[in-house]
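Peer 1: Numbering (the numbering used here), first residue to last: 81 to 395.
Virtual Cβ for every residue (Gly too), placed ideally from N, Cα, C.
What follows is the structure, encoded as structure tokens:
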């Protein structure tokens, strides 16, 4: 890191977001002897979850502990951290100027957005309370832990029908809740019913339980359906306003489309700006995917910096 005469902080790369994708990118850049600053506001998407699963050698680790270990590794290679929001990013000639909520400014040759997404949860009573403990979005992350239990899956549109089929493999006692939406035609409904899966079409009025444990789901007709866990993939939106502020197009799924080419991964429509992790379209939203994405984008950014250092000497 260098400081300009005006007091600005200068880095090769500013990474906005300190989740698995941002930390993975920072690790590769630090090992490539690039100066890196990671800014994070401490609001991780997987914060409500007690454990993270499916990441080889770290299965069952808490998301908080995984981030702590990631921070330590990045620090070993000279990476720096700020617990702060980045409120503005602008491009000027061949560099970026970013403003922190402290009022400080950071100049960098490249910027990586690893700002993630926000889950838009239903306003149903109890939904937010049990999110991450009794209500889950990812059957690969949390399905094994509730295998064989009475499970529910919330399917509110036809695109989610295949998602419900993933839950079928986890339990012989599965109920599909449509929350009052017209989801199934006669043929698709019979596919589930023939396999012993009950479909509840009444709207959901509340989720009930205690100490983070889901116990039942209340329906509009007054019935309570006993369930130990509910699966639901909520719609998403960008966690940060920066992607749209920088002119990046957000698709209907709430994600930014990033270019993958022979040059590497994570390119955006803004020269020198990259995007990694859940904020962009790509693999499934999971820690292994985010780490892989961050690794690939970190190496891509280093290659771009190397080309610039050689004034475009190789292509």
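For the beta strand (DSSP E) containing residue 160, list its first residue and its last residue.
Peer 2: 160-163
Peer 1: Among 336, 299 and 257, which one has its Cα closest to the Cα of residue 316?
Peer 2: 336
Peer 1: From residue 323 to residue 190, what does the alpha carbon distance come to, in whole angstroms?
Peer 2: 15 Å
Peer 1: Give the C-beta separation of residue 306 and residue 285 to the nearest angstrom, bearing in mind that I take them to be a contact with Cβ-Cβ under 8 Å.
Peer 2: Incorrect: roughly 15 Å between the Cβ atoms, too far for contact.
Peer 1: Which runs of the alpha helix (DSSP H) at least 4 residues long sit entirely within the region 126-210? Give them in chain order.
Peer 2: 143-156 and 207-210
Peer 1: Compute the Euclidean distance between the alpha carbons of residue 258 and residue 348, then round it to the nearest angstrom.
Peer 2: 37 Å
Peer 1: Could you spell out the range, first to last residue, of the alpha helix (DSSP H) harbouring residue 383?
Peer 2: 367-389 is the extent of the alpha helix (DSSP H) around residue 383.
Peer 1: Is the Cβ-Cβ distance between residue 255 and residue 309 less than 7 Å?
Peer 2: no
Peer 1: Could you name the residues of the same chain whose beta carbon sits closer than 6 Å to that of residue 345, not counting the 5 residues immediately before and after it, in chain order?
Peer 2: Residues 376, 377 and 380 of the same chain have their beta carbon placed closer than 6 Å to that of residue 345, with the five preceding and five following residues left out of the count.
Peer 1: Quick one: what does DSSP say residue 247 is sitting in, helix, strand or coil?
Peer 2: helix
Peer 1: With burial defined as no fewer than 16 other Cβ atoms inside 10 Å of the residue's Cβ, what is the status of residue 94: buried or exposed?
Peer 2: buried
Peer 1: Is the region 136-147 touching the region 216-223, taking contact as three or more C-beta pairs under 8 Å?
Peer 2: no
Peer 1: Would residue 194 pass as a contact of residue 333 if the rule is Cβ separation under 7 Å?
Peer 2: Judged by beta-carbon spacing, residue 333 lies beyond the 7 Å limit of residue 194, meaning their Cβ atoms are not closer than that value.
Peer 1: For residue 356, which of helix, strand or coil comes out of DSSP?
Peer 2: coil
Peer 1: Please state the DSSP three-state secondary structure of residue 119.
Peer 2: strand
Peer 1: State the start and end residues of the unbroken beta strand (DSSP E) segment that holds residue 289.
Peer 2: 284-290
Peer 1: Name the one or two DSSP bridge partners that residue 298 has.
Peer 2: 286 and 304
Peer 1: Here's the rule: buried if 16 or more other CB atoms are within 10 angstroms of the residue's CB, otherwise exposed. What is residue 384?
Peer 2: buried
Peer 1: In angstroms, rounded to a whole number, what distance separates the CA positions of residue 201 and residue 208?
Peer 2: 7 Å
Peer 1: Which residue comes first and which comes last in the beta strand (DSSP E) that contains residue 273?
Peer 2: Not the beta strand (DSSP E): residue 273 falls in the alpha helix (DSSP H), residues 266-273.
Peer 1: Would you list the one or two residues that DSSP bridges to residue 318?
Peer 2: 197
Peer 1: Kindly indicate which three-state DSSP category residue 216 falls into: helix, strand or coil?
Peer 2: strand
Peer 1: Do residue 106 and residue 166 have their beta-carbon atoms positioned less than 7 Å apart in this structure?
Peer 2: no
Peer 1: State the Cα-Cα distance for the pair residue 326 and residue 314, rounded to the nearest angstrom.
Peer 2: 26 Å
Peer 1: Just to confirm, are residue 118 and residue 161 a CB contact at a threshold of 7 Å?
Peer 2: yes
Peer 1: Could you tell me the distance, in whole angstroms, from the CA atom of residue 108 to the CA atom of residue 382?
Peer 2: 8 Å
Peer 1: Should residue 147 go down as buried or exposed, given a rule of 16 or more other Cβ atoms within 10 Å for buried?
Peer 2: buried
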